[in-house]
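Structure first, then comments.
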Amino acid sequence: MPDSTISNTPLPGLYIVATPIGNLGDIGARAAAVLARADLIAAEDTRVTAKLLSHLGLRIKMTPYHDHSDERARADLVARMENQVVVLVSDAGTPLISDPGYKLVRDARAAGRHVTTLPGPCAAIAAITLSGLPSDRFLFAGFLPNKAKARADTIAEFAGLRTSLVFYESGPRLAATLAALAEGLGNREAAVAREITKLYEECVTGPLAELATRYADAPPKGEIAIVVAPPADDLVEEADEATVDAALREALADQPVAKAAKAVAKRFGRDRHAVYARALELKAEA
């Protein structure tokens, strides 16, 4: 089958197109060609995409598609894909990576539409390449919750994972998020990357607590990605259930259940909720 993304007459369907995360010069030739041949561009924010189209000298019909788009909007786009080239873009980077889109892709596939992707810029990938932290295994976690308890609970889910972690964040929330990460994960090495590919690109590295202090009184501007190193080998112990139980009994001797469970879960890289449940059982047996 010919390559539908570079032929003079692209196949009707859905084209997922990555766009620059800062430097407009990063738009790929194939991406620019598909944008030029689109019948309709579904954009997270048409005002943002209009700047890219202006840079390319293009005037293409656009329609908003974002988190608040309803089923009717998706149904209309899927119907158009039967005989039109519909391009999905986000404000920047690769669509569906912390941006809306997966429901549209799912519905397009269910309807038998042609679906393809044109890969390109992604802030999460760019940040981990800049960080100098282990990149052989990593987990992208997007934005953490706003509320402190929900944020702490989410961070606890990642505590035992032996992998680098990548988060997105805004300037005003950065210091609080870094402090919460230090509290929940330990004072791991981390990197704060912002304005990637732009004139004032910056990647600051150091322990989480140190970074939290750095940004406490000086919230940075721009789009931000945080990369957190995996736990050091000597911080997470391998243990069987008997060893974990023994550690729990010792901790419960002088600590409340929640505090004891949190410490033991972190020590052995276990799920905090499961350890808490076991701690309750042991407390009841005592």
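Following this note's numbering, the numbering of the sequence shown begins with 7 at its first residue and continues without gaps. A virtual CB, placed ideally from N, CA and C, is assigned to each residue, including glycine. Please read all numbers here as calculations on a predicted model, not as lab measurements.
CB contact flag (residue i, residue j, <8 Å)
i: Val95; j: Leu83; result: no
i: Val233; j: Ala197; result: yes
i: Ala218; j: Ala181; result: yes
i: Glu50; j: Pro125; result: no
i: Tyr71; j: Ala48; result: yes
i: Ala235; j: Glu195; result: yes
Span of the alpha helix (DSSP H) around residue i
i: Ser137; result: 129-137
i: Ala252; result: 247-258
Buried or exposed by the 16-neighbour rule on C-beta atoms within 10 Å, applied to residue i
i: Asp277; result: exposed
i: Lys265; result: exposed
i: Pro262; result: exposed
i: Arg200; result: buried
i: Ser60; result: exposed
i: Ala285; result: buried
i: Gly63; result: exposed
Proximal residues to residue i (C-beta, below 6 Å), its chain only, five neighbours per side dropped
i: Tyr206; result: none
i: Phe149; result: Tyr174
i: Thr211; result: Ala197
i: Asp240; result: A caution first: Asp240 carries a pLDDT of 47, below 50, which makes its placement in the model unreliable, though a value can still be read off. So no residue of the chain qualifies.
Limits of the beta strand (DSSP E) - the one that residue i falls within
i: Ser170; result: 170-175
i: Thr122; result: 121-124
i: Gly228; result: Careful: Gly228 lies outside any beta strand (DSSP E) and carries neither H nor E.
i: Ala197; result: 195-200
Sequence-distant residues of its chain with Cβ nearer than 7 Å to residue i (five each side left out)
i: Pro18; result: Met87, Glu88, Asn89, Gln90, Val91, His120
i: Ala117; result: Val84
Counterpart residues of residue i in DSSP-defined beta bridges
i: Ile22; result: Leu94, Thr123
i: Met68; result: Ile47
i: Val210; result: Val198
i: Phe164; result: According to DSSP, which records beta bridges pairwise, Phe164 is partnered with nothing at all.
Proximal residues to residue i (C-beta, below 8 Å), its chain only, five neighbours per side dropped
i: Ala290; result: none
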